[in-house]
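Heads up, the sequence shown stops at 186 in the UniProt record's numbering, and the numbers go up one at a time, no gaps. Every residue, glycine too, gets a C-beta built ideally from N, C-alpha and C. A short write-up of the structure that comes next.
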Amino acid sequence: MHAECIVHIARGIPASDDPGNKPAPRVRRKQEDAPVNKPIRRLEFETMLLARHSHLFNVQARRASRRLDRSAYVLLSRIEIDGPMSIGQLSEAFGLDSSTLNRQTAAMLRAGVVERIPDPEGGIARKFSITAEGRRRLTEDRRRNTESLTRVLADWTADEVADFTALLQRFNEDIERLEGRPWPRP
């Protein structure tokens, strides 16, 4: 049997050279047989939902106030840990094209959350430093994020929160290791 027939059979489609075949009836799988119950598939599904929940929450929160957009929040968080950074350093740290970072940092400059400063170490490239307004907004966003997480985890024990945090950190560190871009932690 050739590959096209196998694909058609698997999908319940009659083979083109056999007009007498009718599509196989759709059979509803038992919940325990669903592919989403396989551990890696379940993890993929849950990370998709986590990204969705995070995105929806951030969009709603930004509409209601002067919240930072996601890219500004992440860039400011990195600059807060590493200190002033050039476009080249940001590009290397994030694995992003400098044109993307130029757009993002231009928006941040307009918002007054970063400023360009001479390289404190005497280099030629100017660096981005967080302004007082940037620190204030980053602190405020972090406070709101922490409050939101506290509401979500209200019924969790301290041990459950600690275990989840440790596993999430390990997950993130493994991604960083595979990308070759470790993220500094405070």
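Using only the alpha-carbon positions, how far apart do residue i and residue j sit?
i: E121; j: G83; result: 12 Å
i: H53; j: L75; result: 21 Å
i: A93; j: R181; result: 6 Å
i: R137; j: D155; result: 29 Å
i: L101; j: F171; result: 26 Å
i: T47; j: D141; result: 22 Å
i: R70; j: M108; result: 11 Å
i: I91; j: R66; result: The sequence as given places Ser at residue 91; Ile does not occur at that position. Roughly 26 Å separates the two Cα atoms.
i: F45; j: S99; result: 32 Å
Within its chain, find whatever has a CB closer than 6 Å to the CB of residue i; leave out the 5 residues flanking it on each side and keep chain order.
i: T150; result: none
i: L153; result: V161
Looking at the structure shown, is residue i part of a helix, part of a strand, or coil, going by DSSP?
i: I130; result: strand
i: E115; result: strand
i: L178; result: helix
i: E121; result: coil
i: D69; result: coil
i: T105; result: helix
i: R185; result: coil
Note down, in chain order, each residue of its chain lying with its Cβ closer than 7 Å to the Cβ of residue i, except the 5 sequence neighbours on either side.
i: E133; result: G112 and V113
i: I81; result: P184 and P186
i: F128; result: I79, P84, M85, T105, V114 and R116
i: R11; result: Confidence at R11 is low in this model, with a pLDDT of 40, below 50, so its placement is unreliable and the value that follows should be read with caution. Nothing listed; no residue qualifies.
i: D174; result: none
i: E4; result: Low confidence applies to E4: its pLDDT is 39, below 50, so where it sits in the model is not reliable enough to give any reading.
Identify the residues that DSSP records as bridge partners of residue i: which are they?
i: I40; result: Looking at the DSSP assignment, I40 forms no beta bridge with any residue, so it has no partner.
i: M48; result: Paired residue(s): none; M48 is not in a bridge.
i: M85; result: F128
Could you name the residues of the same chain whose beta carbon sits closer than 8 Å to that of residue i, not counting the 5 residues immediately before and after it, in chain order?
i: E176; result: P182 and W183
i: L168; result: none
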